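K.L.:
Residue numbers (this note's numbering): 5 to 175. Supplied in structure tokens, the structure appears directly below.
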């Protein structure tokens, strides 16, 4: 069962970077794992190949909730898959010791069907220092207009309505 955890470490990092990669360009930006719940369903047969699939389930003011499924490759005839293990990980975005709210990180990296492209265009004109100030909601002294003022924020929490029914029972 420790093989699942080792494999999960290798896929969770790149997935997190893929989610908010632009924010990673800022020095001191990291992800920290808050915890992982494992639901072991079947043993992976020795020497068999399997696939690992990550999904962002939701986020709140602090945490990203990532579901990972370890599954067999599709059966050649039926397309059916066997699920070996399901996990639920809680991840936080940090800059040095400060927590970055996921909804701000997503807006800065251009996510969102409605405002994503516009937000991304604005973020590209900002320096790394301006991006960092914006991530923490810091204003320039004197109240001057900042480039980041045009970035439209999405919901502070998303996908949290069914949190109590997630695997791992994070209620």
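C-beta: ideal position from N, C-alpha, C; glycine also. Quantities reported herein were computed from a predicted structural model and do not represent experimental measurements.
Counting only the same chain and skipping the five closest in sequence on each side, list residues whose C-beta sits under 6 Å from that of residue 23.
P.N.:
Closer than 6 Å at the Cβ level, and outside the excluded window around residue 23, lies no residue.
K.L.:
Excluding the 5 residues preceding and the 5 following residue 135 in the sequence, name in chain order all residues of the same chain whose CB lies nearer than 7 Å to its CB.
P.N.:
Around residue 135: 30, 112 and 127.
K.L.:
Do residue 119 and residue 156 have their CB atoms nearer than 8 Å?
P.N.:
For residue 119 and residue 156, yes; Cβs fall inside 8 Å.
K.L.:
Mind the definition here: the stretch 75-87 touches the stretch 101-108 only if three or more C-beta pairs lie below 8 Å; say whether that holds.
P.N.:
Verdict: no, contact absent.
K.L.:
Do you know offhand how far residue 54's Cα is from residue 48's?
P.N.:
Roughly 8 Å between the two C-alpha positions.
K.L.:
By DSSP, does residue 23 sit in helix, in strand, or in coil?
P.N.:
Residue 23: helix per DSSP, three-state reduction.
K.L.:
According to DSSP, simplified to helix, strand and coil, what is residue 101?
P.N.:
Reduced to three states, the DSSP call for residue 101 is coil.
K.L.:
In three-state terms, what does DSSP make of residue 140?
P.N.:
If DSSP states are grouped into helix, strand and coil, residue 140 belongs with coil.
K.L.:
Between residue 89 and residue 45, how many whole angstroms is the CB-CB distance? I'm expecting something under 8 Å.
P.N.:
The pair is a contact, with the Cβ atoms about 6 Å apart (cut-off 8 Å).
K.L.:
Under 8 Å, do residue 69 and residue 92 count as touching if we go by C-beta distance?
P.N.:
Contact flag set, yes.
K.L.:
What are the uninterrupted segments assigned as alpha helix (DSSP H) that are 4 or more residues long and contained completely in the stretch 66-122, given in chain order?
P.N.:
Listed in chain order, they are 106-112.
K.L.:
What residues are listed by DSSP as bridge partners for residue 39?
P.N.:
94.
K.L.:
Taking the alpha carbon of residue 18 as the reference point, which residue from 32, 59, 38 and 40 has its own alpha carbon closest?
P.N.:
Out of 32, 59, 38 and 40, 59 has the C-alpha closest to the C-alpha of residue 18.
K.L.:
When DSSP labels each residue in this structure, what does residue 157 get in the three-state scheme?
P.N.:
Three-state DSSP puts residue 157 in coil, outside helix and strand.
K.L.:
What number of angstroms, rounded off, separates the C-alpha of residue 40 from the C-alpha of residue 150?
P.N.:
Whole-angstrom Cα-Cα distance: 39 Å.
K.L.:
Rounded to whole angstroms, what is the Cα-Cα separation between residue 137 and residue 143?
P.N.:
In a straight line, the C-alpha of residue 137 is about 7 Å away from that of residue 143.
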